[in-house]
C-alpha cells in the first residue's frame, strides 16, 4: 500500500497536535448565541439539565439537541423525577422520554441565557410519575433563576 507524502504529512500534523493538546483554530473562536444556566454553570448543548439544584431530584438526561439558536433550543431526552418514597435516598425514580424546549432569552452576567424550560412527553405518551405525586402533569416547566432572588 503506497502512502503519499501529503497524506503522511497531514497525518503527522494531526497526530502532533493531538499530543500537544492543540484545538483546531475554529474551536477557539466559536461563541454560542445563547447559554443555558445549569445550577450556576453556563453551558450550551448540555447533555443533562437539572430542575432542582439542591438535590438534583428531577431533570432531563441524555439530551440530544436538534436546534440551538439565539432565542430557543429544542431537543429530546429522558425526564427523571425521584418520588422520595419511602425516602429520597431510597426513592423510586420515574423516567419518561420527552421533548425539551429552552426559551426566555435573558441577558445577565455578561452572557445571553435561555432561562425557561418546558418538558413534554413525546407524542402520544404520558409522564411516568411517582404514585404519591398527583396529579400527573401534561408538561413540566421551570425557570433557571439561579442568580435571582
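Residue numbers (our numbering): -12 to 136.
Yeah, the Cβ is synthetic: ideal placement off N, Cα and C, and Gly gets one too.
Remember, it's a predicted structure, so these values are computed and weren't measured experimentally.
### Task
Count the other C-beta atoms from every protein chain shown that fall within 10 angstroms of the C-beta of residue 37, then say buried if there are 16 or more, exposed otherwise.
If you number the chain shown from 1, residue 37 lands on position 50. Buried.
### Query
Mind checking whether residue 25 and residue 33 have CB atoms under 8 Å apart?
Along the chain shown, read from residue 1 onward, the residue named residue 25 stands at position 38. Along the chain shown, read from residue 1 onward, the residue named residue 33 stands at position 46. Yes, these two residues count as a Cβ contact at 8 Å.
#### Entry: Per DSSP, the bridge partner or partners of residue 80
Position 93 of the chain shown, counted from the start, is the residue given in the question as residue 80. Answer is 69, bridged to residue 80.
### Query
Counting along the chain, where does the beta strand (DSSP E) carrying residue 103 start and finish?
Locating residue 103 in the chain shown gives position 116, counting from the first residue. 98 to 108 is the span of the beta strand (DSSP E), which, as asked, contains residue 103.
### Query
Comparing alpha-carbon positions, which option in 50, 98 and 85 lies nearest residue 111?
Stepping through the chain shown from its first residue, residue 111 is reached at position 124. Among 50, 98 and 85, the Cα nearest to that of residue 111 is on 85.
### Spatial distance of residue 29 from residue 109 (CA atoms)
Reading the chain shown from its first residue, position 42 is the one you call residue 29. Reading the chain shown from its first residue, position 122 is the one you call residue 109. Taking the straight line from one Cα to the other gives about 27 Å.
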